[in-house]
């Protein structure tokens, strides 16, 4: 079994899909590992470290040749897979809804594409969940990015010259990224509040020492989506939430938005009118900007000024912490493959629960139900 690790080709992508640590573990399973030259340079994983771990470091053509599993962070272009073994697995974050044409090309090439971001959120798959590991870092980095743009201190400071009040931070969307943002802002001394459409997150917010901001008087909330994700809200809830948020957001110094609905554009949480109510110098970080954005006026890849408020729209936030993001991502991939490793077959063999959830292509066809409907 040959595993190939590719150097990422996407613009601005600094992560790598395997580290020297996971290379050693794959070799211990009985696999051969080949790593494209320079694949880990931006993530503090030099070629020498891969070689010391037992990998063969070479140019892409030699790395891909006869590979039965190809690991990536983002999905490689089909042309990069020439020479791979027939039916080779592509294991990466493949963005099937945003790159459907690429999925079709994988099918035409006869490879089996496994989209790791579709991993079901069940107990036994937690260690394989790339979305959770990367979102955790995104929530942390969002607070640091906000602090870098905010021209004031976050904690309360008492000095002989007077007292500086603690910054008020509001987190919208309390998934993995939101919870980490709350925890990080609290550690930095900010006064933190948070909201979510899922009522079950109230206790999580309180457990981190933040104030929950919820609409309590409206029935028909449809926010408890499947798999731990938020779903759509009722119209009555949307109206009540907009009124509550508008009153709250005007008093905030920093707002961090994290709301995503898988397979659909990000919900709009903050309007231009609401931005205009914030004081000059305030900051909004939109972690959903690449999926359409939670914030009106946010621009992917830019920090823009709107009514004196800085809207931060960095792309690929986990990649801004490339070393740690790579370490976690690589462990997710190793945990996935090792869990299903069949010693007799010398390769991983997926079961239906996981395989059907993440498999996009097989036998020259697109097979995932959400891509066939």
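Numbering (UniProt numbering), first residue to last: 1 to 373. Backbone N, C-alpha and C define an ideal beta-carbon position, used for all residues, glycine too.
> On the three-state DSSP scale, how would you describe residue 163?
Replying inline: Looking at residue 163 - three-state DSSP - the assignment turns out to be strand.
> Can you tell me the Cα-Cα spacing of residue 138 and residue 57, whole angstroms?
Replying inline: For residue 138 and residue 57, the gap between their C-alpha atoms comes out near 30 Å.
> Where does the unbroken beta strand (DSSP E) through residue 149 begin, and where does it stop?
Replying inline: Careful: residue 149 lies outside any beta strand (DSSP E), inside the alpha helix (DSSP H) at 130 to 149.
>> What residue range does the beta strand (DSSP E) around residue 73 cover?
In response: Counted as a single uninterrupted DSSP element, the beta strand (DSSP E) harbouring residue 73 occupies residues 69 to 74.
>> With H, G and I counted as helix, E and B as strand and the rest as coil, what does DSSP make of residue 327?
In response: In the structure shown, residue 327 sits in a helix (DSSP, three-state: H, G or I).
> For residue 378 versus residue 254, is the C-beta distance shorter than 7 Å?
Replying inline: With the chain covering only 1 through 373, there is no way to say anything about residue 378.
> From what residue to what residue does the alpha helix (DSSP H) around residue 188 run?
Replying inline: Unbroken run through residue 188: none, as it is neither H nor E.
>> Measuring only the C-alpha atoms, how far is residue 21 from residue 366?
In response: Their backbone Cα atoms lie some 33 Å apart in a straight line.
>> So, with DSSP's three-state summary, where would you put residue 251?
In response: It is coil, neither helix nor strand.
>> The beta strand (DSSP E) that contains residue 286, what's its start and end?
In response: That run of the beta strand (DSSP E) goes 283 to 286.
> Pick from 272, 29, 14, 15: whose alpha carbon is nearest that of residue 3?
Replying inline: Taking only the C-alpha atoms, the option nearest residue 3 is 29.
> residue 86 by DSSP, collapsed to three states: which one?
Replying inline: Coil, per DSSP.
> Can you tell me whether DSSP reads residue 78 as helix, strand or coil?
Replying inline: Three-state DSSP puts residue 78 in a helix.
> So residue 372 is in the alpha helix (DSSP H); what residue range does that whole segment cover?
Replying inline: Segment 369 to 372, the alpha helix (DSSP H) holding residue 372.
> Roughly how many whole angstroms lie between the Cα atoms of residue 306 and residue 165?
Replying inline: Roughly 24 Å between the two C-alpha positions.
> So, is the C-beta of residue 67 closer than 7 Å to a C-beta in chain D?
Replying inline: The structure shown has no chain D; it contains just one protein chain.
> What residues in its chain sit with their C-beta under 6 Å from that of residue 270, if we drop five residues either side in the sequence?
Replying inline: Annotation for residue 270: 295 place their beta carbon closer than 6 Å to its own, counting only its chain and skipping 5 residues before and after.
> Which one of 7, 67, 277 has the shortest CA to CA distance from residue 36?
Replying inline: Here the closest residue by C-alpha is 7.
>> Just to confirm, is the Cβ distance from residue 266 to residue 291 under 7 Å?
In response: It is a contact, given that the beta carbons lie within the stated cut-off.
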